[in-house]
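A.B. asks: One structure follows; several queries about it will come next.
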Amino acid sequence: MSPPSIRRLTPDDADATFALARLDDPSLTADGWRAVVGRAPEAGGVLGALADDGVQGVLRYSILAAAQDGPLFNIEALTAFDLFDPAPVADALVQAALAHALRDHGCARIGLSTGVETVRRGPVLRSITEAASLHRVF
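Read in order, the letters of the sequence shown are residues 68 to 205 in the working numbering.
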């Protein structure tokens, strides 16, 4: 099986990718997803991993103003699917997001956000401390 092609989704892709996006957020409506996919490029959008047999992943992002180094590329959600191992699809989406952030938006910084009360906040919180500048005497 060949690797998926990754590109920014357009409003024409919204209906075909809705079911996968809904795996991340069951409260998402079709109209809500169409609005996310149809965002103006300078505000954010969705990257999709597309294969011959359908969509394998979606990465939702926003472009935020940052106090330093220009705009921030903020990953809001990443959902990947594969019968055996979705990690390569997720990795490909993240690498494409980094390239997209630099090339198309001039972002020197990347962030990851999640809900404060979501059950999946643990990995995001750990990544904050892992990336922190920690100092000690002994």
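For every residue, glycine included, the Cβ atom is placed at its ideal position computed from N, Cα and C.
Identify every run of the beta strand (DSSP E) within the region 109-133, keeping only runs that are complete inside it and at least 3 residues long; order them along the chain.
C.D. replies: 111-118 and 121-131
A.B. asks: Whole angstroms is fine: what's the gap from residue 183's alpha carbon to residue 144's?
C.D. replies: Counting from 1 along the sequence shown, the entry for residue 183 is found at position 116. Counting from 1 along the sequence shown, the entry for residue 144 is found at position 77. Whole-angstrom Cα-Cα distance: 14 Å.
A.B. asks: Put residue 196 into one of helix, strand or coil per three-state DSSP.
C.D. replies: Along the sequence shown, one-based indexing puts residue 196 at 129. DSSP places residue 196 in helix when its eight states are reduced to three.
A.B. asks: Under a three-way DSSP split, which group does residue 175 fall into?
C.D. replies: Walking along the sequence shown from the start, residue 175 turns up at place 108. DSSP places residue 175 in coil when its eight states are reduced to three.
A.B. asks: Between residue 191 and residue 78, what straight-line distance do the alpha-carbon atoms span, to the nearest angstrom?
C.D. replies: One-based indexing of the sequence shown puts residue 191 at position 124. One-based indexing of the sequence shown puts residue 78 at position 11. Distance between the alpha carbons of residue 191 and residue 78 is about 29 Å.
A.B. asks: Please state whether DSSP places residue 102 in a helix, a strand or coil.
C.D. replies: By 1-based counting over the sequence shown, the position of residue 102 is 35. Correct three-state label for residue 102: helix.
A.B. asks: Just the C-alpha distance for residue 124 and residue 69, rounded to the nearest angstrom, thanks.
C.D. replies: The residue given as residue 124 occupies position 57 in the sequence shown. The residue given as residue 69 occupies position 2 in the sequence shown. C-alpha separation (whole angstroms): 15 Å.
A.B. asks: In its own chain, which residues sit with a C-beta less than 6 Å from the C-beta of residue 156, not counting the 5 before and 5 after it?
C.D. replies: If you number the sequence shown from 1, residue 156 lands on position 89. Correct list, in chain order: 116, 123, 124, 147 and 149.
A.B. asks: Measuring alpha carbon to alpha carbon, tell me which residue in 158, 99, 178 and 119 is nearest residue 138.
C.D. replies: On the sequence shown, position 71 is the one that residue 138 refers to. Comparing Cα positions, the closest option is 178.
A.B. asks: Terminal residues of the continuous beta strand (DSSP E) containing residue 140?
C.D. replies: Stepping through the sequence shown from its first residue, residue 140 is reached at position 73. Note, residue 140: beta strand (DSSP E), 139-147.
A.B. asks: Where do the N-terminal and C-terminal ends of the alpha helix (DSSP H) with residue 74 fall, by residue?
C.D. replies: The residue labelled residue 74 in the question sits at position 7 within the sequence shown. Unbroken run through residue 74 is the beta strand (DSSP E), 72-75; no alpha helix (DSSP H).
A.B. asks: Looking at the secondary structure, which residues open and close the alpha helix (DSSP H) in which residue 85 lies?
C.D. replies: Taking the sequence shown and counting its residues from 1, the one referred to as residue 85 is at position 18. It spans 81-91 - the alpha helix (DSSP H) in which residue 85 sits, taken as one unbroken run.
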